[in-house]
Every structure is written in structure tokens, then in C-alpha cells.
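Novice: Residue numbers (our numbering), protein chains in the order written: chain A, 106 to 440; chain B, 106 to 440.
For reference, the structure I am asking about is given below.
2 protein chains.
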Amino acid sequence: MAAGVTLNDVAKAAGVSIASASRAINGLDNVTEEVRERVLEAAGKLKYVPHGAARALAMSRTNTIGVILPDIYGEFFSEIIRGIDVAARASGLHILVSGSHGDVKEAVKAARAMAGRVDGLLVMAPYADADDLSGKLPFNLPLVMMGGVGGQADLPSLVVDNYSGALEAVRHLREQSCRRIAHIAGPESNLEAQDRLRGYLDGLKEADLSPQVLPGDFTDAAGYAAVQTLLAQEQMPDGLFAANDMMALGATLGLREAGVSIPDDIAIIGFDDIPVTRYASPPISTLRAGVFDIGRRSLELLSVLIERGSAEASTSAASLIVRPELVVRASSRRR
Amino acid sequence: MAAGVTLNDVAKAAGVSIASASRAINGLDNVTEEVRERVLEAAGKLKYVPHGAARALAMSRTNTIGVILPDIYGEFFSEIIRGIDVAARASGLHILVSGSHGDVKEAVKAARAMAGRVDGLLVMAPYADADDLSGKLPFNLPLVMMGGVGGQADLPSLVVDNYSGALEAVRHLREQSCRRIAHIAGPESNLEAQDRLRGYLDGLKEADLSPQVLPGDFTDAAGYAAVQTLLAQEQMPDGLFAANDMMALGATLGLREAGVSIPDDIAIIGFDDIPVTRYASPPISTLRAGVFDIGRRSLELLSVLIERGSAEASTSAASLIVRPELVVRASSRRR
DNA sequence: GCCTGTTATGTAAGCGCTTACATCGCCGTT
DNA sequence: AACGGCGATGTAAGCGCTTACATAACAGGC
């Protein structure tokens with residue numbers, strides 16, 4: 106049982122004041138070696154473990170940062186989290202994650218729940234109505250946005266240049282002499298998806314090609330479904346740009362099933378460069394958004410903001426823009 | 106900056122005592138409607154957000170559970186986390202995750218850091234020397250272990266029957282008339298990997314086949330490397346059981362590159378059933394451990410333990426054993 | 001119109017910790 | 001031998017919140 110051994114218990118056991126006990130345990134230098142030993146021994150014997158919340162309250166420092174994502178699983182988010190995790194342990198920080206499940210309200214709720222338990226917040230909220238966020242989120246906590254921010258919220262952020270990426274994807278397909286290029290879009294309310302769609306449309310406009318946009322929701326199932334639509338129509342496209350890799354993957358599956366040859370009959374390219382693209386057959390071309398790095402750099406940025414004190418944080422609203430890089434693999438390489 | 110609006114500020118602004126403010130905000134019923142309104146309005150105006158740590162300290166309840174995993178990314182862990190997340194939000198709990206990076210000490214450190222910030226712990230620590238854990242971990246916090254526990258620690262846990270699964274894998278390969286079945290093992294110090302290896306060996310013994318074990322570390326690179334070894338030897342195996350799916354995937358890649366036909370030349374089977382197995386070509390046979398469910402059920406179990414109070418928790422040390430299910434896909438299906 | 005029962009409100013005592021400040025020895029000076 | 005200074009230790013005041021308990025206010029029953 107020995108439930109809840111407190112510092113006080115340790116202090117008593119060691120026959121010193123609670124202050125000395127605290128100092129000894131936290132490794133401050135103003136304690137006699139003898140006292141430190143006694144305290145540490147008592148702590149060990151009693152299996153004392155400091156109480157995080159109490160410490161946080163007293164120091165108003167948690168060494169924890171909150172991460173709010175639309176979801177916390179799947180290859181994409183997993184990579185982001187990995188980036189964050191790597192950077193976090195480098196800075197000695199812990200992370201409190203929460204999936205907000207595609208809803209601004211939920212994101213705000215999650216953020217509120219984190220208040221007082223974290224030193225800063227890393228938020229990804231690619232929702233069209235994210236304007237609300239900027240007003241409701243910053244309870245004067247250092248904050249870094251990952252990915253698209255709605256409105257003119259001038260929060261520090263790391264955003265991917267989705268538009269350019271999409272443009273590049275389309276240009277690449279055109280270079281592979283695709284003329285009928287279809288697009289599987291992301292969720293309508295998703296800002297990143299919107300930008301990718303714009304890039305796609307402009308990319309076609311450049312060459313006077315006519316667009317075909319199929320709805321999607323970033324899942325492989327959506328990619329698969331989109332392909333069924335394509336297969337049913339009279340003329341198949343000869344190029345396909347999916348708004349993310351999962352959908353490209355689903356599409357690939359569907360096409361392979363139908364005996365369509367990739368990339369000869371149809372060239373495919375996705376977006377994000379999640380790990381699985383490499384294992385698909387054929388491996389899928391994509392735009393590397395550096396998902397891992399986004400996570401890592403966001404956290405680094407945040408930790409700087411935290412160090413310098415939240416007050417002036419948002420002043421320096423440094424928004425880093427990540428330009429995605431074209432990665433050509435077999436799915437779109439025509440010889 | 107309006108930094109740190111406290112309940113006290115709200116109370117003053119609303120012209121009531123801090124107690125009433127607290128009650129109003131927490132929706133207790135013993136406040137006049139009028140007071141509640143005034144408080145809520147003040148809170149809104151001041152952008153009051155309750156301080157998590159303070160609340161936790163006062164109530165000794167955090168509504169957060171800590172999750173300690175060897176890693177927090179990759180398909181396997183991502184799935185686990187998803188299971189946990191789903192169950193957690195169903196129970197209104199938040200999760201504090203931490204990767205322990207393959208080391209008992211780190212795991213213990215992480216757990217200590219979580220003390221006082223969580224109501225319970227979900228730990229996966231498949232380390233051979235995990236005996237230490239049982240002694241050091243339970244600072245009388247409800248605790249559920251996921252996966253192998255070292256020693257006789259009778260902690261509540263959810264474990265996969267790795268041995269049976271491996272046995273089944275080998276039997277399956279034998280049924281596909283494989284006679285030379287190789288195994289790519291997991292990390293030596295990993296308990297789950299050890300059990301899978303045992304299952305493999307026993308599975309071969311049943312049929313008097315001779316084993317070949319290649320070292321691995323659960324990464325796709327290891328699978329790929331193992332295959333290079335196989336390709337270099339005089340006679341290739343005709344069956345391959347990888348200790349997890351990622352290695353099976355890497356192996357598949359390497360074999361495909363070398364022009365070896367799967368499953369005709371060599372049948373392959375993995376373990377875990379992570380999502381990507383379905384997308385590989387050929388899709389990879391595996392043993393479905395129900396990764397998602399492990400996460401979900403662990404959390405459910407934990408939350409029960411929390412409800413009934415930590416004290417008697419470990420008494421009921423209910424260990425649920427999950428029997429993996431054989432999933433046959435193209436990589437091992439011979440006609 | 002007094003007493004009791006009921007309910008709304010306030011007061012204050014913690015929750016476990018850190019830390020500014022006050023004490024207290026003990027040293028070397030003069 | 002008295003004194004200032006310094007470093008080790010203790011005391012106590014919070015950190016922001018909840019909640020037991022005290023108080024106040026108000027209703028109804030006689």
C-alpha cells in the first residue's frame with residue numbers, strides 16, 4: 106500500500122525539514138552531503154516518487170507539451186508524432202497527445218483540458234472554420250500550429266506549401282505525357298486539401314487540360330472507391346494525382362485489381378511521402394512533405410518559445426514554410 | 106496578457122466567493138441560477154481556463170492515463186495507441202504517452218515522471234530484464250501491462266499468446282508443403298520475440314525439420330538483410346516465418362527484387378497483422394494479434410481498476426490472454 | 001413569532017511541492 | 001572575546017483548486 110508517500114514523509118524519516126528534503130532530492134548544492142545521503146536513503150526506502158501535479162503547480166512548469174492532432178494514428182500522424190517525440194526527448198520534454206477527431210470544438214476542448222498541465226501546445230487543426238481557434242485557443246500558452254491555419258491568425262506555425270506541391274505533382278504528370286489527369290480530393294473542409302486542389306486545378310490550367318475531381322477523405326478506401334468511378338467511365342484518365350498517399354495507395358490497389366497497368370496505362374502520384382508508399386507495388390511517387398521534420402521542427406520552435414517566456418511568444422510569429430519535394434517512384438515513371 | 110486568470114479572479118469579477126465560483130463552473134446543483142450565470146459570464150469574459158495541475162492536486166484525480174511503450178510510432182504502436190485512444194475517449198480519459206526506447210530504465214523513468222499526473226499506467230515493456238519493473242514501477246498506481254511481462258510479476262495484463270501463434274504459423278507453412286522453413290527472429294532481449302522463436306522451433310520439431318534462424322530487430326531493414334543472407338546460400342528455404350510483419354515486408358521486398366516468386370518459390374508469413382500487410386504485394390499472411398484490441402481492452406481493464414480504487418487493484422491480477430488468429434493471404438497460399 | 005429544516009453562500013483547510021526569507025551555527029577577523 | 005559574514009537548515013507562504021464545515025438566509029409548522 107504505502108500509498109502516496111510524500112516528501113514530508115521522507116523528510117521525517119530522514120529527520121530533516123521538508124525544505125532540506127526537497128533540496129536534497131532536487132540536487133541543489135546547498136545541502137550537506139550527509140543530509141543528502143540520509144534523504145536519498147529514506148526516499149529509496151519509502152519508494153518516494155515526486156508528485157507531478159504538485160510540482161507543476163508549485164513551479165508553474167510541467168516539462169510537458171501538449172499535442173493536438175486530428176487523429177493520432179495512421180502513418181501520417183505517426184510520423185509527425187515521431188518527429189515530435191524525437192525532438193521532445195532531446196529537450197527533456199514529455200508529450201501529452203490528444204486526437205481531436207476532425208472538429209474544432211473538440212480541439213478546443215482538448216486544449217482546455219491541457220491547460221495547466223503543459224508548458225506549450227502543438228496544434229494541427231486543418232479545419233476550414235479554424236478561425237474560431239485563434240480566438241479560443243491561446244490561453245496565453247506558447248503555441249505552434251502545424252499545417253494550415255484558418256483565417257489570418259498570425260500564430261507561429263509550420264506549414265507545408267500544399268499549393269506548390271500539388272502544382273508540381275501535376276507538372277510532373279504532364280511531363281510523363283499524361284493528358285487526362287484526374288484528382289482524388291481530400292475532405293472539403295480540410296484546408297490542406299483545398300490548397301492541393303487549387304494547385305491541381307492551376308496545374309491543369311497551365312496546359313489547358315480539363316480537370317476531373319473525385320471526392321475523397323484521405324483514407325485508402327476513398328482512393329479505392331474513386332478508382333471504381335473512373336473504371337466505370339468511358340475513358341480512363343492516364344494520370345492520377347491523389348491528395349494524399351493513403352488514397353493513392355487505395356487507388357493503386359483498385360487499379361491493380363482491375364488489371365490496369367501502372368504507370369503505363371495510368372501514372373499515379375500521391376502526397377506526403379508516408380513510409381508505406383515505398384512498399385506498395387509499384388512504389389508510389391509522391392511529394393515529400395517531410396512529415397517527420399514538421400513534427401520535429403514544430404517542437405523545436407515551440408520549445409524556444411517556451412524558453413523565452415510565453416508573453417512575447419506570439420510576437421515573433423515566425424511561420425516556417427516547408428516546400429515539399431517531388432519523389433518520383435515507379436508509379437509515375439514512364440520510360 | 107491576461108496570463109493565468111484564476112478562479113479567484115472569476116469569483117471577484119462575479120462578486121461571489123471562490124467556492125461558489127468553483128461550484129458554478131463545475132456544474133454542481135447547489136448554486137442559484139443567478140450566481141451561475143454571473144460566474145459563467147465572468148469566466149467567459151476573462152477567458153478563464155481551469156488549471157489542470159491544481160485541480161488534479163486538489164482532487165487527486167487527473168482523468169489521464171499514462172501509456173508507456175517501447176516506441177510510439179510505426180504501424181504496430183500506432184494501432185495500439187489507436188485502440189487506447191478510442192477506449193480512452195469513450196471513458197473521458199486523456200492519455201499521456203511516452204516512448205521508452207527499449208530500455209527498462211527509461212521505462213521506469215518515464216513512469217516516475219508520470220506519477221501524480223495520471224490515474225493509472227498502461228505499460229508495454231517486452232524486455233527480458235523486466236523483472237526489475239515489477240519492483241520499481243508500481244508506486245501504488247493502477248497498472249496494466251500489455252504484452253510480455255518478465256518474471257512472475259502477477260500484474261494485471263493483456264498478453265498475446267506468441268508461442269501458439271508461432272506454432273500455428275509454422276504448421277501453416279508445413280501445410281503449404283514447405284520443408285525448409287527459416288525464421289527471422291526479433292530482438293534477442295524481447296520476450297515476445299523469444300516466445301515466437303520457441304514456437305517456431307517446436308513447430309519444426311513436430312515434423313523433424315531443421316531450423317534456420319536469422320537475427321532481426323523487428324525492422325523492415327532487418328527483414329531485407331536476412332533475405333540477402335538467404336539468397337547467398339546454396340539452397341534457399343521454401344518457407345519463411347518472420348517474427349513480425351515489418352520484417353516479413355522487408356523480406357518480401359528483397360525477394361521480389363531478386364526475382365524470387367512468392368509464394369511459389371518461398372511462402373512467407375509474418376506476425377501482428379499491421380495494416381500495411383494488406384497493401385504489400387503479394388499481401389502478406391500473418392497472425393492477427395488484434396493489436397487494436399489489445400490497446401482498447403487494456404485501457405478498459407485499467408479504467409475498471411481505477412474506478413475500484415488502486416489499493417485492491419493488483420489483487421485481482423486478471424491476465425487476459427489473446428490468442429492470435431491465422432490470416433492467410435497470397436504470400437503463403439499455394440494452390 | 002419562535003424554532004427547526006433546508007438550502008445557498010462563504011471561510012478556510014488542505015492537496016504535495018518549491019522557495020523566499022528568517023534562523024542558527026560556525027568560521028575568521030580585529 | 002565580540003562581531004560580521006557565510007552557508008546549512010528550518011519556517012511558512014504560496015501555486016490554483018476542491019470541499020468539509022460554519023454561517024446565513026429563508027421557508028414552513030406550531
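Glycine is no exception: its CB is placed at the ideal position from the N, C-alpha and C atoms.
What residue does the alpha helix (DSSP H) around residue 290/A start on, and which one ends it?
Specialist: Element bounds for residue 290/A: n/a, residue is neither H nor E.
Novice: For residue 165/B, name the three-state secondary structure that DSSP assigns.
Specialist: If DSSP states are grouped into helix, strand and coil, residue 165/B belongs with coil.
Novice: Buried or exposed: residue 391/B, going by 16 or more other Cβ atoms within 10 Å of its Cβ?
Specialist: Label assigned to residue 391/B: buried.
Novice: Using a Cβ cut-off of 8 Å (strictly closer), state whether residue 384/A contacts chain B.
Specialist: Output row for residue 384/A: interface = yes.
Novice: Between the region 143 to 160 of chain B and chain A, which residues of the former have CB atoms less than 8 Å from a CB of the latter, in chain order?
Specialist: Flagged, chain order: 152, 154, 155, 156, 157, 158, 159, 160.
Novice: Which same chain residues end up closer than 6 Å to residue 354/B when comparing Cβ atoms and leaving out the 5 residues on each side of it in sequence?
Specialist: So the qualifying residues of the chain are 325, 385.
Novice: Quick one: which chain B residues come within Cβ less than 7 Å of residue 179/A?
Specialist: Neighbours of residue 179/A on chain B, chain order: 183.
Novice: Look at the alpha carbon of residue 180/A and the alpha carbon of residue 397/B, and state the distance between them as a whole number of angstroms.
Specialist: About 15 Å.
Novice: Any beta carbon from chain A within less than 8 Å of residue 284/B's own beta carbon?
Specialist: It does not: the Cβ of residue 284/B has no partner Cβ on chain A nearer than 8 Å.
Novice: For chain A, is any of its Cβ atoms less than 8 Å away from the one on residue 200/B?
Specialist: Closer than 8 Å: yes.
Novice: Assign residue 131/A to buried or exposed, taking buried as 16 or more other Cβ atoms, counted over all protein chains shown, within 10 Å of its Cβ.
Specialist: By the neighbour-count rule (16 or more Cβ atoms within 10 Å), residue 131/A is not buried but exposed.
Novice: Return the CA-CA distance between residue 110/B and residue 128/B, expressed in angstroms with no decimal places.
Specialist: Rounded to the nearest angstrom, the two C-alpha atoms are 17 Å apart.
Novice: Might you give, ordered along the chain, the residues of its own chain that have their beta carbon closer than 6 Å to the beta carbon of residue 382/A, omitting 5 neighbours on each side?
Specialist: Here the set comprises 350, 389, 391.
Novice: According to DSSP, simplified to helix, strand and coil, what is residue 312/B?
Specialist: Looking at residue 312/B - three-state DSSP - the assignment turns out to be coil, as it is neither helix nor strand.
Novice: Kindly indicate which residue of 167/A, 165/A, 168/A, 215/A has the alpha-carbon position closest to the one of residue 176/A.
Specialist: The candidate whose alpha carbon is nearest that of residue 176/A is 215/A.
Novice: Just to make sure I have the definition right: I need the residues of chain B whose C-beta is within less than 8 Å of the C-beta of residue 111/A. Which are they?
Specialist: Near residue 111/A there are no residues of chain B at all, since even the closest Cβ is about 10 Å away, more than 8 Å.
Novice: Specify the secondary structure class of residue 232/B as computed by DSSP and reduced to three states.
Specialist: Reduced to three states, the DSSP call for residue 232/B is strand.
Novice: By Cβ distance below 6 Å, which residues in the same chain neighbour residue 352/A in space, the five residues on each side in sequence not counted?
Specialist: Same-chain partners within the cutoff: 289, 321, 327, 328.
Novice: Jot down the residue ranges of each uninterrupted beta strand (DSSP E) in the region 163 to 226 of chain B, minimum 3 residues, whole runs only, in chain order.
Specialist: You should have 169 to 174, 199 to 204.
Novice: Tell me, please, whether the CB atom of residue 403/B is closer than 8 Å to any CB atom in chain A?
Specialist: Judged by the 8 Å Cβ criterion, residue 403/B is not in contact with chain A.
Novice: List the residues that DSSP assigns as beta-bridge partners of residue 250/A.
Specialist: In DSSP, residue 250/A forms a bridge with 228/A, 262/A.
Novice: Hey, is the region 143 to 160 of chain A in contact with the region 369 to 378 of chain A, meaning 3+ C-beta pairs nearer than 8 Å?
Specialist: The answer is no - the region 369 to 378 of chain A does not touch the region 143 to 160 of chain A, with fewer than three Cβ pairs under 8 Å.
Novice: Since residue 97/B is in the beta strand (DSSP E), which residue starts that stretch and which ends it?
Specialist: Since the first residue of chain B shown is 106 and the last is 440, residue 97/B is not available in this structure.
Novice: Tell me which residue opens and which closes the beta strand (DSSP E) that residue 457/B is part of.
Specialist: In the structure as shown, chain B starts at 106 and stops at 440, and residue 457/B therefore has no counterpart that could be examined.
Novice: DSSP three-state call for residue 393/B: helix, strand or coil?
Specialist: Looking at residue 393/B - three-state DSSP - the assignment turns out to be strand.
Novice: Going by alpha carbons, who is nearest to residue 195/B out of 203/B, 168/B, 173/B?
Specialist: Selected option, being the one with the closest Cα: 168/B.
Novice: May I ask you to report which of helix, strand or coil DSSP gives residue 114/B?
Specialist: Helix at residue 114/B.
Novice: Count the other C-beta atoms from every protein chain shown that fall within 10 angstroms of the C-beta of residue 164/A, then say buried if there are 16 or more, exposed otherwise.
Specialist: By the neighbour-count rule (16 or more Cβ atoms within 10 Å), residue 164/A is not buried but exposed.
Novice: My assumption, with CB atoms under 8 Å, is that residue 227/B sits in contact with residue 172/B. Please give the rounded CB distance.
Specialist: Residue 227/B to residue 172/B, Cβ: 5 Å. Contact.
Novice: Could you tell me which whole alpha helix (DSSP H) segments of length 4 or greater appear in the region 334 to 394 of chain A?
Specialist: Qualifying alpha helix (DSSP H) stretches, in chain order: 350 to 362.
Novice: Indicate whether at least one CB of chain A lies closer than 8 Å to the CB of residue 228/B.
Specialist: For residue 228/B, the answer is no, since every Cβ of chain A falls outside 8 Å of its Cβ.
Novice: In three-state DSSP terms, what is residue 267/A?
Specialist: In the structure shown, residue 267/A sits in a helix (DSSP, three-state: H, G or I).
Novice: Using a C-beta cutoff of 8 Å, does residue 409/A count as contacting chain B?
Specialist: Closer than 8 Å: no.
Novice: Tell me residue 432/A's beta-bridge partners as DSSP assigns them.
Specialist: According to DSSP, residue 432/A bridges with 391/A.
Novice: Assuming residue 399/A and residue 188/A form a contact by the criterion Cβ under 8 Å, report the distance between their Cβ atoms to the nearest whole angstrom.
Specialist: Going by Cβ atoms, the distance from residue 399/A to residue 188/A rounds to 6 Å, so yes, they are a contact pair.
Novice: By the 10 Å Cβ neighbour count, where 16 or more other Cβ atoms means buried, how is residue 416/A classified, buried or exposed?
Specialist: Reliability fails at residue 416/A, whose pLDDT of 46 lies under 50, so the model's placement of it is uncertain and no value is given.
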